[in-house]
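Oh and the sequence shown: position 156 is 156 in full-length UniProt numbering, straight run, nothing missing. Quick reminder that beta carbons are idealized off the backbone N, C-alpha and C, glycines included. All of these numbers come straight from a predicted model, not from anything done at the bench. One structure is given below, encoded as structure tokens.
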Amino acid sequence: MGDAVTEPEIVALGAEHMQAAAAIRRVALWRRLPWLPDLHTPEEEEQYWRTHLLPNCTILGAEIGNRLGGVIAYGDGWIEQLYVLPDLQNIGIGSLLLGCAREEMDEIRLWTFQRNSGARAFYERHGFSVEEKTDGLDNEEKEPDVLYHWRRLPELTPCLQPSDPGP
């Protein structure tokens, strides 16, 4: 029975999880985009999660067994961070985390790098569309990026009133 993959459990993350959350971002991002400049130390990245994201966002993690495998930080119509460890990608963790954000927000925007084809395909599969592309001069990595947008479609409710037969 030992090799069975357990279902991820989505949990709210607190200050004690920020080092692990920052590490997941770091590993996932640099594995996918190794050419990006390494602008911040792991300690600076943890501090960003602790002092900027934690007070301003909902931060959730996906635990598999006793391991944190993915994180999302979102709020006010934006996904600020969404990362899954490379060895745990393509098993539904990102979709579960994204689903949590979509349950709470009717409209979402997020940035990703244009060359991050895996992330772009993931968001497009989940109904996001390109809103804007930039040359990257306004982000600290100076890497061309893309703004994605998703909006919940209104639910259609059948009209239960009989149609007006007219005169």
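- A distance of 9 Å or more separates the beta carbons of E143 and F122.
- Contact between I24 and G75 fails: their C-beta atoms lie close to 19 Å from each other, not under 8 Å.
- Residue N116 holds the alpha-carbon nearest to the alpha-carbon of L29 among E132, N116 and N139.
- Taken in chain order, the complete alpha helix (DSSP H) segments of 4 residues or longer contained in the UniProt domain "N-acetyltransferase" (8-154) are 18-32, 42-48, 93-104 and 117-125.
- Note on D135: under 16 other CB atoms within 10 angstroms of its CB, so exposed under the neighbour-count rule.
- Residue nearest to A12 within the set C57, E44 and L85 is C57 (criterion: CA-CA distance).
- Take the alpha-carbon of E155 and the one of D106: they are about 12 Å apart.
- When D138, G14, R152 and E103 are compared, the shortest CA-CA separation from R50 is found for G14.
- In its chain, beyond the 5 residues on either side, W111, T112, F113, Q114, T134, G136 and N139 have a beta carbon closer than 7 Å to the beta carbon of D145.
- Here A20 has L68 as same chain residues with Cβ atoms under 6 Å from its own Cβ, once five neighbours each way along the sequence are excluded.
- Straight-line measurement puts the Cα of R109 at about 12 Å from the Cα of L98.
- In this structure, the straight-line span from the alpha carbon of I59 to that of I91 is close to 20 Å.
- For the 9 Å CB-CB criterion, L53 and Q81 form a contact.
- By the neighbour-count criterion, in which a residue is buried when 16 or more other Cβ atoms sit within 10 angstroms of its Cβ, P8 is buried.
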